[in-house]
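In full-length UniProt numbering, the protein residues as written are 1 to 1271.
Backbone N, C-alpha and C fix where the C-beta goes; we use that ideal spot for every residue, glycine too.
Please read all numbers here as calculations on a predicted model, not as lab measurements.
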């Protein structure tokens, strides 16, 4: 409560745990008791959890979070220019606060790594009070690197740091730095950090956060200000606004709340209730407690959260088991377990001892275990013991989840959770703690719910928003608990199992089976196909005991902790030779490189990233010949990672993020230039596509990283030639000669340098080829060989390859890389006619070769956040067919334990596949072709054609198809039912349109008994969207839906190849014009058929005559997201009375066609100009379409991908006249990230909507804060 003079008269904070109405009622009662006169004071609401208050009291005004913080900070700390606000689930950054203009701001969206809940979770796991955090971090002496991306995965890092002996205070300080670095990289990004900076929100209570913010943002004590009432900044801003706005009084609000039933007005989505199966009784396994005379086997599972020990007789009967907390000290936990055994049973003869779990290697060596096995193998063995014919294992642990496919009792395939922990046991543990429900009661409570609430598939922290919203709308704890049980099952099935096959005999294992609600949720999905293992709670230890018993011949090696552990066995001479041979490859790249500088010469810095792993010999020779020193940044190390985290300004894939660190390392060494080429195209000899594009990051990353680092302000010039290698070596030569011109060196001097560079590349290529030939010649035909398949920098970079090559080699396996195989010799055009990524061509060629050779096994590395990889993973799986391969996604997640588990499980699964002799006349390149049912035009003989539903364009596009192709059409909805079907077949971060289109196909297949067609257009590149048809077809083929044909015309060449392109263009224009009309008039205005030009003009004139609001809101983005997958956001904005100027689909297509060099569209700009003139203030059309291309050439010259050039130029154009611009794209879309990183829209009020069909109150709060400043 504020006085008229802005003095704080009363303040208090209270956690509401979802009961917002009741909590506000109590606080208002306390306030009015303290000051009776306050009853008539005005009140304003802010915050994302207050919907129920607005419903209860319609006269209550609200203020968005950002304006509330802005106004509050101006009162409490008027001198600050930027504000960092970190709350429990929210994190915001505001800057330019002192200019009297709307601030620039950014907020967290769908990751809680930069929020206060991150710390609460970690302290809870460590058994410490959050109030003691500051006192503990004061004792820290080091800052260990920890994961700041995910609260649950940070726990894994904590545990492994504890196992390494890192003190708790150091770990807590490391968490502060991890969170602040994540906050800077994900939220602040490219916004200017103007000083002084205020810190507000609960994180201000944490001294470790204060220290980390000062270090990470390079702030002095004076430059980081903690306002006196930093916890109440938002409430203070709302109180200020209440004094000016027409709103209700405190007394009126309290009266409304006291008269409201907190459970009224249920607007929740409900799901089917959980039905406990009386046949499924979950309890601890029975034990005999009797040790047989001949002895027993001991199994130990050393996990990150628990350590389990079992004693088992020679026939698999359980004698005893223990479940102990690991508590960060696995050795102590095992010691305690062994002491418990001795105290209960005395000295017992042990026949065999097996160890599994994340701490298996160290504990196994310390105690002399007979078998040390990975968790996948141990879990599979336990499942087979209880159900010999089991074909599928679901195992959910505290930190990770596993899916295992079994064939004939052996592991045939497996999957573990990647970077999201929403399908793990910690997910339930976190929510139970937040809801104050004892974990042991959670499942039973869930079973009592009659109507569980739909909570969606969210991050373990962000689902709390959905929980609080549900509770605020009257959901009971039982209904929320049941919804959470169903949520964890769906998360597990979608994010872990994904599109992997689920058999008919499923065994459920892991500690979550103690929860009858989760068991019931699994049974709801699979019925009697799913059985809970009797050993579910100790299945890892039980499987380890079985494996040890089977592998031990003779007496056990076990000696416990009674003597010194055996020395680690030295690597054999052969393994050492294999490692040295493998390491020779990276050494060849650096031949001729000498970092010693020559005095008096300028230095060219070369970041050891991306294509430098291919082009360094050329760069080194070229610049040396020209008289420059050359300094190559080191292979990625801890320092480079730290610099990347400090300077990266977007959530790109990891390889691109690392560019920032390499450039920053060079900048610290005061180089004069930094050389890093952009790769626009790069043609392989056997490619037949129109253009062979580098991904959107390859095309732009050097310039964007240089901008983020402000290299020009440091006096460092970027040397960034654009390699358009579709045009051969001459194009590279021309680009390098252009560098000479930039450096002021005449062509006559550059030519010898260019020749030296070309010779260096030829020497390196020849050396690599000789190495590959030598390696292949040394292999026997029956040798089983692992092939590492990824991009060249993913193989060479020691961080991007996560040490996998050495891990494989140390385990005695022969390892080759894609460069050692004749992958470039394959022509993929018959199977992948539009695969426009050269790396993709190379990767899928490798998959074909590995699938074809009986003794080659693929280890496939992808990058988290890589758009192309989301599609290639589906195509790779199709190429591999039934042959097993190991797929590992590379990310910043620090702990290598999960990688080792995957590797060892894969290697163990290969033991059941002995090497095979090669067939007579075998040729490696004689691969199997796997063509796809993807065509360029519809055919009436293939059944009806389903068109993705894009209202209001759908009826006119159907009209077009039926006229020109005489094919029956049907609309294909892309709503939630389709999306759920599609997401059940995906597991990576595919862009939203992909699961929607895939789900639409699957939904149509349920309705159509015969053959049918589906329209999914393709593009020439370079985004993932052009590969949707082939990735969808790969899933359809796997599902046995060969009756579906995908019709995939190429968008860029539609005017050349489709009949009557003018009719198609008019169809798009018709939809565009209707979207310019008021929403309530569109249905009445909609023509029955595609109008001619005169009809379009008449429609535009009629719409243009309707009144239009001043200063409309512009919308630009990816078309499918804008017109079909916007979660109802645009419709809601129009219902609020806002005039939206949407980018016209027709103009979007025209630009794409014009960029592709199409000459058939030359007359259409005049038509669009005229329609725009007639629409007047309601027009989103450009007054001069060609000006958009001129602007795009300035902003993103040559860029190819998702029509990004148009989207950027259009947003800038509309931003000049509109009040603000909304940009829309699927979440994770790489092109949207590139457009944001250009900074081209700085100065234009704009807000990005990253759509993934999970729009909620928090999202509205963010958007409303933006809209507030447009008034």
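Would residue 532 and residue 593 be called neighbours here (beta carbons separated by less than 8 Å)? No, they are not a contact pair.
Since residue 539 is in the alpha helix (DSSP H), which residue starts that stretch and which ends it? Counting along the chain, the alpha helix (DSSP H) containing residue 539 begins and ends at 539-551.
With DSSP as the reference, label residue 415 as helix, strand or coil. In this structure, DSSP gives residue 415 an extended state, which the three-state scheme calls strand.
With distances taken Cα to Cα, identify the nearest neighbour of residue 1226 among 1248, 849, 1107. For residue 1226, the closest alpha carbon among the candidates 1248, 849, 1107 is that of 1248.
Unbroken stretches of the beta strand (DSSP E), 3 residues or longer, contained in the region 770-815: Uninterrupted beta strand (DSSP E) stretches at least 3 residues long and entirely within the region 770-815 occur at 785-789, given in chain order.
When you compare each of 187, 196, 135 to residue 173 by their alpha carbons, which one comes out closest? For the options 187, 196, 135, the alpha carbon positioned closest to that of residue 173 is the one of 135.
From residue 358 to residue 1003, what distance separates their C-alpha atoms? Cα to Cα, the separation comes out at about 41 Å.
Backbone secondary structure at residue 1231 - three-state DSSP: Correct three-state label for residue 1231: helix.
According to DSSP, residue 82 sits in a beta bridge with which residue or residues? Bridge partners of residue 82: 95, 197.
Using the rule of at least 16 other Cβ atoms within 10 Å of the residue's Cβ for burial, across every protein chain shown, is residue 227 buried or exposed? Buried is the call here.
Ignore the nearest five residues each way along the sequence and tell me which others in residue 1183's own chain have a CB closer than 7 Å to its CB. For residue 1183, where only same-chain residues beyond five positions count, the Cβ hits under 7 Å are 1169, 1172.
What are the start and end residues of the alpha helix (DSSP H) that includes residue 245? Segment: none, residue 245 is in no alpha helix (DSSP H) and carries neither H nor E.
In this structure, does DSSP put residue 265 in helix, strand or coil? With a pLDDT of 49 at residue 265, under the threshold of 50, the modelled position of that residue is not reliable, and the figure given next carries that caveat. The answer is coil: DSSP assigns residue 265 none of H, G, I, E or B.
Is the beta carbon of residue 722 less than 8 Å from the beta carbon of residue 1198? Yes, these two residues count as a Cβ contact at 8 Å.
Can you tell me whether residue 60 is buried or exposed, with buried defined as 16 or more other CB within 10 angstroms of its CB? Residue 60 comes out buried.
heavy atom of the ligand ATP below 7 Å from residue 313 C-beta: Within the structure as shown, the ligand ATP is missing, as the structure has no ligands at all.
Just to confirm my understanding: we take residue 623, look at its own chain, exclude 5 residues before and 5 after, and list those with CB closer than 6 Å. What are they? Excluding sequence positions up to five before and after residue 623, its CB lies within less than 6 Å of the CB of 604, 630, all in the same chain and listed in chain order.
Excluding sequence positions up to five away, which residues of its chain have a Cβ less than 7 Å from the Cβ of residue 262? Confidence at residue 262 is low in this model, with a pLDDT of 47, below 50, so the placement of that residue is unreliable and no value is reported for it.
Contacts around residue 1118, its chain only, beta-carbon distance under 7 Å, and the 5 residues preceding and following it disregarded: Cβ contact annotation for residue 1118 (same chain, cutoff 7 Å, sequence separation greater than five): 1202, 1224, 1225, 1226, 1229, in chain order.
C-alpha gap between residue 674 and residue 766, whole angstroms: One C-alpha to the other measures close to 28 Å.
Which of helix, strand or coil does DSSP assign to residue 638? Secondary structure at residue 638: helix, using DSSP grouped into helix, strand and coil.
Under 8 Å, do residue 254 and residue 382 count as touching if we go by C-beta distance? No, they are not a contact pair.
Within the region 614-696, ranges of the alpha helix (DSSP H) (whole runs, at least 4 residues): Counting only runs of 4 or more, we get 638-647, 654-668.
Classify residue 1261 as buried or exposed, calling it buried when 16 or more other Cβ atoms lie within 10 Å of its own Cβ. Burial of residue 1261 is indicated by the presence of at least 16 other C-beta atoms within 10 angstroms of its C-beta.
Give me, in chain order, the residues of the same chain whose beta-carbon lies closer than 6 Å to that of residue 817; leave out the 5 immediate sequence neighbours on both sides. Around residue 817: 788, 795.
Leaving out the 5 sequence neighbours to the left and right, which residues in its chain are closer than 7 Å to residue 966 when beta-carbon positions are compared? Its chain contains 940 as the residues whose beta carbon lies nearer than 7 Å to that of residue 966, once the 5 sequence neighbours on both sides are disregarded; these appear in chain order.
Can you give the Cα-Cα distance for residue 925 and residue 946, rounded to whole angstroms? Distance between the alpha carbons of residue 925 and residue 946: 38 Å.
Give every residue of the same chain whose Cβ lies closer than 8 Å to the Cβ of residue 1303, excluding the five residues on either side of it in the sequence, and list them in chain order. In this structure the chain extends from 1 to 1271, so residue 1303 is not present and cannot be described.
With DSSP collapsed to three states, give me the class of residue 561. Here residue 561 sits in coil by DSSP.
Assuming residue 1087 contacts residue 1099 under a Cβ cut-off of 8 Å, what Cβ separation, rounded to an integer in Å, is found between them? Contact between residue 1087 and residue 1099 holds: their C-beta atoms lie close to 7 Å from each other, under 8 Å.
So, with DSSP's three-state summary, where would you put residue 477? Here residue 477 sits in helix by DSSP.
Measuring straight from C-alpha to C-alpha, what distance separates residue 1113 and residue 1258? The alpha-carbon atoms of residue 1113 and residue 1258 are separated by roughly 21 Å.
DSSP three-state label for residue 57, please. In the three-state DSSP reduction, residue 57 falls in the coil class, being neither helix nor strand.
Rounded to a whole number of angstroms, what is the C-alpha to C-alpha distance between residue 1192 and residue 773? In a straight line, the C-alpha of residue 1192 is about 47 Å away from that of residue 773.
Hey, would you say residue 819 sits closer than 8 Å to residue 768, going by beta carbons? The answer is yes: Cβ separation under 8 Å.
Would residue 714 be called buried (16 or more neighbouring beta carbons within 10 Å of its own) or exposed? That one is exposed.
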